[in-house]
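Trainee: Got a structure for you, questions after.
Protein chains: 2
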Amino acid sequence: MTVSRVVNGGANVRETTRVAVLAAIEKLNYSPNSAARSLAAGEATQIGLLYSNPSAAYLSQFLIGALAAARKAGCHLVLESCEGERADEQAEATRQFVSTSVEGVILPPPLSEAAPVRAELEAAGIPWVSVAMGLPPARSLNVRIDDFAAASAMTQHLLDLGHRKIGFIRGNPNQTSSAERYRGFVAACENAGLDIKSMAVEQGYFTFRSGIVATERLLDRDDPPTAIFASNDDMAAAAVGVAHRRGLHVPQDLSIVGFDDTSLATTIWPELTTVRQPIAAMAESALNLLLARLRERRGAGGGKLEEQVLDHEMILRESSGPPPGAAPAPGKTAAKAAKRR
Amino acid sequence: MTVSRVVNGGANVRETTRVAVLAAIEKLNYSPNSAARSLAAGEATQIGLLYSNPSAAYLSQFLIGALAAARKAGCHLVLESCEGERADEQAEATRQFVSTSVEGVILPPPLSEAAPVRAELEAAGIPWVSVAMGLPPARSLNVRIDDFAAASAMTQHLLDLGHRKIGFIRGNPNQTSSAERYRGFVAACENAGLDIKSMAVEQGYFTFRSGIVATERLLDRDDPPTAIFASNDDMAAAAVGVAHRRGLHVPQDLSIVGFDDTSLATTIWPELTTVRQPIAAMAESALNLLLARLRERRGAGGGKLEEQVLDHEMILRESSGPPPGAAPAPGKTAAKAAKRR
DNA sequence: CCGTGGTGTGTTAGCGGTAACGGTGGCCCG
DNA sequence: CGGGCCACCGTTACCGCTAACACACCACGG
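Going down the list, the sequences are from chains P and F. Just so you know, my numbering puts 34 at position 34 of the first sequence, and the rest follows in order with no gaps. Just so you know, my numbering puts 63 at position 63 of the second sequence, and the rest follows in order with no gaps.
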């Protein structure tokens, strides 16, 4: 029992015994049996994770983070895919969870905003945590980054390089993060005294395909932009492809930046300047938030942490540079500041 | 107890009681508590999964499969990444597992062939299962597809389309699957009465970058190939990129096919004709094989299944077509047979 | 008629932890 | 100086399941 108290950081253990126990643990190479623990404690053992077809890179990072947290907590992750866009498909996939008695559900994007899913969970009384929503509703469990600030910083980066005409490719309109990123872009432009009307904005849907179409439109304009800021890496990669097909060099003729820092960003050439989301950490946070809520529900009370905003990071790589005909050597020299990877 | 027997398919239960129990289970919406189960059965609870930087798409699929199997078996997956190529880094990462007392380890490629890892596990007496080796050593636990047959079939597809000069980009030479795929390519060519010397072969390393270099070399030849068979999708995607930069249309001017069917294959444009590996199923098989081995070790005896070869599948998409100047309408018409996705 | 050997089912004793409660001492207070 | 309170640690009784065994029952052969 005392060992249990030490391991779980329980109160009322003398310092001397505590170190003695820890020493013994070390010597015996003891590690607690998670099965026994969760059996005895009657804790949540099944946590659902409903995923839709996000980028594979996103999903793998997310799973890594969620798995690490799940193992620490001794609970199992139950995966369920929900590829469908239709409300009934989403509801059906969610019901799957309800029937297999998962005790809480994690919703990575884009499902974090899927109304049918949330309605179904609400009805079943199963708590959930949304991940990476741009603008989560109040009093909901959620983990995210500051999309507004991130998009704003990225725009500032392009402005600092000397770009004045920037093309922006928006994300899927039914995800609030799209709107937040756009808001960040607009704010940075206006902050620099530029009229948003002088910028080129096209609608995209976070897919590679939509990125192709949007980029074609941007480059077909009479006064094409010297830089393109796509709302995610897939669309940025598409933009690079289109640029190449048109014989434009990136970044000499056209700068292209993305968002998310998925593996696609470093797979293509040139590697993308982008914003990194700490995906694995977000997944861990999400699971912990959910477990805390479940504990609280079970009567333990405890802190009422509901929202967690993690830090993003600007990742400067080779796809962004000064606009053509800019001051110094027109090419690879400038803006090699910050973190290059 | 009788319930336990029914649930676990135990022997010596009368048929009438069996259905009665099942009915009760259904009515009560009962589901066994996996924590209690693994506690009582004293089964393996921690299975390691040592991954290196495979394509993110591969990893996510793999994790999905492994997780599903792990949950069914009631065991936890312990992830550990091992990005390093150096022997000591790999040994170190492996020792991490030994110290945290995982009971078995799953090795997806390319770590399935990493000698330091295997040596370390051997020394610690921890069983492991290799996934997707091309030519696994005898008496080792492994799950794979028939790389030889798959590569051979893909080559045949190109030959059937009319290609006579095919460029082949080999995979990383320290993975046996590279050699097997190459062997399959050679066999199909020779089988068609073509001299392998008339084909163009370049060395690649399964990376996008290496694919660019290899493709440049192939296309710089005096007599460039009309089709390129890359040993994985990343290199095929690179080939598509190079082709586009050179103003070549895929597949009208150049057919390009890959291997693996990772998400990259459908992300880029045109979508890649490739060979699908049932990644999730392979992960499931791997875990089950490992658990069977552990049970057997624990004295239960049982079947001695050691190797499992799963089916691959040819996926025909838009990146392959007849060579330029071929018989019918030079382009999209031919070879729309088989499964198009 | 009684062993003997199945076949089906119930009993017992854990698996390795933790909640809840029961003891100890020591300290302070009345 | 006795009682109350607290800090500290040990006991007990489970958590939900399964291995191992005990038991009833039947068929069969000698």
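Even for Gly, the Cβ is constructed at its ideal location relative to N, Cα and C. Owing to the predicted nature of the structure, the values given are computational and were not obtained by experimental measurement.
Mind checking which residues open and close the beta strand (DSSP E) that includes arginine 170 of chain F?
Mentor: Element bounds for arginine 170 of chain F: 166 to 170.
Trainee: When you compare each of P:Pro324, P:Cys189 and P:Leu161 to phenylalanine 148 of chain P by their alpha carbons, which one comes out closest?
Mentor: Closest option to phenylalanine 148 of chain P, Cα to Cα, is P:Cys189.
Trainee: Step through the CB atoms of chain P and report whether any lies within less than 9 Å of the CB of aspartate 220 of chain F.
Mentor: no
Trainee: Going by CA-CA distance only, name the one from F:His249, F:Lys197, F:Val21 and F:Gly241 that's closest to glutamine 321 of chain F.
Mentor: The amino acid occupying residue 321 of chain F in the given sequence is glycine; glutamine does not appear at that position. Closest by alpha carbon: F:His249.
Trainee: Taking all protein chains shown into account, do 16 or more other C-beta atoms lie within 10 angstroms of the C-beta of methionine 154 of chain F, making it buried, or fewer, making it exposed?
Mentor: Buried, since its Cβ has 16 or more Cβ neighbours within 10 Å.
Trainee: In its own chain, which residues sit with a C-beta less than 6 Å from the C-beta of leucine 79 of chain F, not counting the 5 before and 5 after it?
Mentor: Excluding its 5 nearest sequence neighbours in each direction, leucine 79 of chain F has C-beta neighbours in its own chain below 6 Å: Leu49, listed in chain order.
Trainee: Find out if the Cβ-Cβ distance for the pair aspartate 234 of chain P, aspartate 261 of chain P is shorter than 9 Å.
Mentor: no
Trainee: For the alpha helix (DSSP H) containing serine 152 of chain P, name the first residue and the last one.
Mentor: That run of the alpha helix (DSSP H) goes 147 to 161.
Trainee: Could you confirm whether any beta carbon from chain F is found closer than 9 Å to the beta carbon of arginine 341 of chain P?
Mentor: Bear in mind that a pLDDT of 42 at arginine 341 of chain P, under 50, signals an unreliable position, so the number given afterwards is only what the model happens to contain. So no, arginine 341 of chain P is outside the interface.
Trainee: Comparing C-alpha positions only, which one of P:Leu218, P:Asn53, P:Asp222 and P:Val105 sits nearest to threonine 345 of chain P?
Mentor: Because chain P spans 1 through 341 in this model, residue 345 of chain P falls outside it and cannot be assessed.
Trainee: Does the segment 119 to 133 of chain P come into contact with the segment 185 to 202 of chain P, if we say contact requires no fewer than three beta-carbon pairs (one atom in each stretch) closer than 8 Å?
Mentor: Judged by Cβ distances under 8 Å, the segment 119 to 133 of chain P makes no contact with the segment 185 to 202 of chain P, as fewer than three pairs qualify.
Trainee: Can you find at least 3 beta carbon pairs, one from the segment 260 to 274 of chain F and one from the segment 55 to 62 of chain F, that sit closer than 8 Å?
Mentor: yes
Trainee: So, is glycine 258 of chain P buried or exposed, given that buried needs 16 or more other C-beta atoms within 10 angstroms?
Mentor: When all chains shown are included, glycine 258 of chain P counts as buried.
Trainee: Quick check on lysine 339 of chain P: buried or exposed, where buried means 16 or more other Cβ atoms within 10 Å of its Cβ?
Mentor: Residue placement at lysine 339 of chain P is flagged as unreliable, the pLDDT there being 42, under the threshold of 50; the coordinate-derived value follows with that caveat. It counts as exposed.
Trainee: Could you tell me the boundaries of the beta strand (DSSP E) in which glutamate 313 of chain P lies?
Mentor: 313 to 315
Trainee: Short of 8 Å in beta carbon distance, which residues of its chain neighbour alanine 93 of chain F, apart from the five on each side in sequence? Order them along the chain.
Mentor: Leu50, Glu80, Ser81, Cys82, Gly84 and Val117.
Trainee: Find the residues of chain F that neighbour isoleucine 212 of chain P, judging by a C-beta separation of less than 9 Å, and give them in chain order.
Mentor: Taking a Cβ-Cβ threshold of 9 Å, the residues of chain F close to isoleucine 212 of chain P are Trp269, in chain order.
Trainee: Checking the sheet assignment: what are the DSSP bridge partners for valine 275 of chain F?
Mentor: F:Met314
Trainee: Look up isoleucine 212 of chain F in the DSSP assignment and say whether it is helix, strand or coil.
Mentor: helix
Trainee: So, is serine 198 of chain P buried or exposed, given that buried needs 16 or more other C-beta atoms within 10 angstroms?
Mentor: exposed
Trainee: For glutamine 96 of chain F, which residues of its own chain have a beta-carbon under 8 Å away from its beta-carbon, when the five flanking residues on both sides are left out?
Mentor: Same-chain partners within the cutoff: Glu80.
Trainee: Is the beta carbon of serine 231 of chain P closer than 9 Å to that of arginine 297 of chain P?
Mentor: no
Trainee: Measure how close the beta-carbons of proline 251 of chain F and serine 177 of chain F come, nearest whole angstrom, since I'm counting them as under 8 Å.
Mentor: Not a contact, Cβ separation roughly 25 Å.
Trainee: So alanine 280 of chain P and glycine 65 of chain P are in contact, right, with Cβ under 8 Å, and what is the actual spacing, rounded?
Mentor: 3 Å
Trainee: Taking a contact to mean a Cβ-Cβ separation below 9 Å, would you say arginine 354 of chain F touches proline 270 of chain F in this structure?
Mentor: No statement about residue 354 of chain F is possible, as the shown extent of chain F runs from 1 to 341 and does not include it.
Trainee: Quick one: give me the first and last residue of the beta strand (DSSP E) that methionine 51 of chain P is part of.
Mentor: One detail in the question is off: residue 51 of chain P reads as tyrosine in this sequence, not methionine. Start and end: 46 to 51.
Trainee: Counting only Cβ pairs nearer than 8 Å, list the residues of chain P close to aspartate 234 of chain F.
Mentor: Thr267
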